[in-house]
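Reading the sequence shown from the start, the letters are residues 122 to 787 in my numbering.
A short worksheet on the structure shown next.
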Amino acid sequence: MSAVLITGSAGLIGSEATLFFANLGFDVIGIDNNMRQVFFGADASTEWQRQFLTNNLGKRYRHYNLDIRDSVAIADVVKKYGNDLRLVIHTAAQPSHDWAARDPHTDFGVNAEGTLNMLEAVRKHAPEAPFIFTSTNKVYGDTPNRLPLIELENRWEIDPSHTYANGIREDMSVDQTLHSLFGASKVAADVLVQEYGRYFGMKTVCFRGGCLTGPNHSGTQLHGFLAYLMRCAATNTPYHVFGYQGKQVRDNIHSADLIAAFYEFFKAPRSGEVYNIGGSRFSNCSMLEAIHLCEEISGKAMEWRYQDQNRTGDHIWWVSDVSKFQSHYPNWQLRYDVPAILREIYEVGLERWKPRVQTAGASAAGLGAQASRLLSTEEEPRFEKSDNLPAIAGETPALPGVTKKNVLGIGIDAVDYAETVEQIVGAAKAKTPFALSALAVHGVMTGVLDRAHRYRLNHFDLLVPDGQPVRWALNLLHRAELRDRVYGPNLMLKVCEKAAAEGLPIYLYGSRTEVLNQLTTNLRRQFPTLEIAGMQPSRFRQLTAEEKQEVANEIKASGAAITFVGLGCPRQEVWAYEYRDALQMPLLAVGAAFDFHAGAMPQAPPGLQKYGLEWFYRLLHEPRRLWRRYVLLNPAYLSLLLLQLTKLKKFSLTEGLPPTQELRHG
């Protein structure tokens, strides 16, 4: 038996961790007594999440309704599983400043004594298990408020010349500062976790989080900023802003991104480590900015009220510098920014705030909250418009006569390799803006789940059917009679062959330096006359506006006529959308083609590719990274396709929402 013990297993982070590790094949031992309902009332109850875990994970999840302040009961559970425990994740906490001030004994008992109970039990009965603790940035007290801050129209910002301009590092002192009682209890727990690592040699880590958020957050007025704000927007509930003119800034990290960090630590644990973890410069917002986003996403004007008195110990500006963690674990990167987080909270939250009728047979058990939301047969407002939509990619559209076919509200082009290469070369010779993506099921579903991304995709010049299930959909829904898909890696080689023959230089953007170097070598070996004008590896972070312009200038200065983009879905599609008009050339988002042609990743055997089973091959090779993509999205895609095929649900190509800001993926 290999087990993971998780406290607070029905909470935001605990439930995300439970699902993640259960799907990796671990047995999960969950400890949660729904004390969040005691702290914040019935609306904050996590009982719905516990029931979901129990019903859907079956024997893989064992729940204990225990209070972490009960040292004997905690020790008994840890002792029961002993050396079978491969990992302990401690997320249970009292998380509110206000509640701590009202009942400091309970706050300290849960946060400090409860953590001590967990550490002692693990030290005695499972000493080899890494111990992950969800600490908080409140351990720094109000020291961040002494930074040189500049008031802007909608937010506070730090002096750009300051050492913390890219975010606050772990070297900020936790001493001589006003913490709030909540912050003080978390400091005590944080130091205990470090000490057990250093004194006893245990593999311990404190993740000092910014705002932790996600669709499973039972947000309330006293805790759960984004989740509660979006709930207020959706349900016309007044929202209260406390102090700092609503310009206070928070970085926000999605629970899935945090669990990905936990997993990286689990694979290579260290002793007594501390990391600031949050949305960093990639994902942050002020209260005013968040309110504006919620209004745009919900389509409703928010009623919010301002109180001049801020909460004790509250930060004016907090952005985490995550570079220390990334230097120790370079494979980790943030995937969700604030708009994406809020859209997901809104779409998933409607299931709880305003229950909708589900299609027979569809349930959250099989598909997860996000996917099951899309199986509703409730009709949504639609435009009276043909399912075939002309290409609409900006001010300089694609070649006339090309039409897009509606697959789940995404306009996929029914084209073959020859037509695709012809359009790419034509745009390259004409120096015309042109964005292309080769979409498999995952690529289609990113647009289905995210209305802003749907808008981006439906403004591409060409979306070609990379995956067999996408080709099948075109043939079933629209009688396209496509004999083959347009597979991104093969398309890349065909374009390179044509570019070499026509004297069109190419540019490679994305992936890692070592992959690009090998890819360049392999392409030149296969196409000796191909001119590779330049290449840039991904920086794996959000770029500044100035850096984005520098990237565009470098590509243009290289003399390239075609740029291949290998940032992975959906980052590469965002990149192509945002650079399309600036670069005046074909931008081809080709996914894993860089890794395949560099020999960094094996391709599925032709037999599996033919029958649309390469996802299974990739899942076998990368289960930890890809399980969520395939286990959740593939069934959702098939279910939605059946609804479209039987006309039980209509999908419109015009229901995307224009993105509210540039993401500037680099």
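Beta carbons are placed, not taken as given, at the ideal position from N, Cα and C, and that holds for glycine.
Here Val326 carries a strand assignment [DSSP, helix/strand/coil].
Within the same chain, and ignoring the five residues on either side of Tyr317 in sequence, the residues whose Cβ sits closer than 6 angstroms to its Cβ are Leu240, Met323, Thr325. Contact between the stretch 385-399 and the stretch 345-354 is absent: fewer than three C-beta pairs spanning the two stretches fall below 8 angstroms.
Taken in chain order, the complete alpha helix (DSSP H) segments of 4 residues or longer contained in the stretch 228-278 are 235-246.
Looking from the CA of Ser192, the closest CA among Pro225, Ile152, Leu206, Phe173 belongs to Ile152. Under the criterion of beta carbons closer than 8 angstroms, Thr255 and Ile134 qualify as touching, at roughly 6 angstroms. The beta-bridge partner set that DSSP reports for Pro707 consists of Phe555. The Cβ-Cβ distance between His361 and Arg432 does not fall below 8 angstroms. The shortest CA-to-CA distance from Lys619 to any of Arg577, Ala561, Thr541 is the one to Thr541. Here DSSP, grouped into helix, strand and coil, assigns Trp169 to helix. Ser376 has no beta-bridge partner at all, per DSSP. For the pair Asn357 and Ala757, the Cα-to-Cα distance works out to about 30 angstroms. Taking C-beta separations shorter than 6 angstroms and ignoring five residues to either side along the sequence, the partners of Ala703 in its chain run Ala673, following chain order.
For the stretch 595-663, the full-length beta strand (DSSP E) segments reaching 3 residues or more read 627-631, 653-657 along the chain.
Taking each of Cys327, Leu299, Leu206, Ala310 in turn and checking the Cα distance to Glu291, the smallest one comes out for Cys327.
With a contact defined as Cβ atoms closer than 8 angstroms, Val440 and Gly288 qualify at about 4 angstroms. Assignment of Thr356 by DSSP, reduced to helix, strand and coil, places it in the helix class. DSSP places Trp438 in the strand class (E or B) of the three-state scheme.
Counted as a single uninterrupted DSSP element, the beta strand (DSSP E) harbouring Gly687 occupies residues 683-687. Partner residues in the beta bridge of His184, as assigned by DSSP, are Gly151. One thing to note: Ile210 has its Cβ within 8 angstroms of the Cβ of Ile127.
Restricting attention to Glu249, Ile466, Leu333, Trp474, the CA atom closest to the CA of Pro390 is found in Glu249. By alpha-carbon distance to Leu629, the top candidate from Arg402, Gly680, Glu667 is Gly680.
With contacts defined by Cβ atoms closer than 8 angstroms, Phe252 and Val260 do not form a contacting pair.
Segment contact: the stretch 632-644 against the stretch 565-574, fewer than three CB-CB distances shorter than 8 angstroms; contact not assigned. When the Cα atoms are used, Thr781 and Val459 turn out to be separated by approximately 11 angstroms. Looking at the DSSP output, Gly532 bridges to Asn527.
C-alpha of Asn611 to C-alpha of Ala559: approximately 11 angstroms in a straight line. Ranking Glu410, Phe446, Lys368 by CA distance to the CA of Asp429 puts Lys368 first. Within the DSSP secondary-structure output, Leu206 pairs in a beta bridge with Ala124. The beta carbon of Asp228 is closer than 8 angstroms to those of Gln215, Trp220, Ala221, Leu302, Phe303, Ser306 in its chain, skipping five residues each way along the sequence. Here His375 has Gly335, Tyr457, Ile462 as same chain residues with Cβ atoms under 6 angstroms from its own Cβ, once five neighbours each way along the sequence are excluded. Measuring C-alpha to C-alpha distances from Asp537 to each of Leu708, Val562, Asn596 identifies Asn596 as the nearest. For the pair Gln172 and Asn155, the Cα-to-Cα distance works out to about 12 angstroms. With contacts defined by Cβ atoms closer than 8 angstroms, Ala124 and Ile150 form a contacting pair. For Asn176, the three-state secondary structure derived from DSSP is helix.
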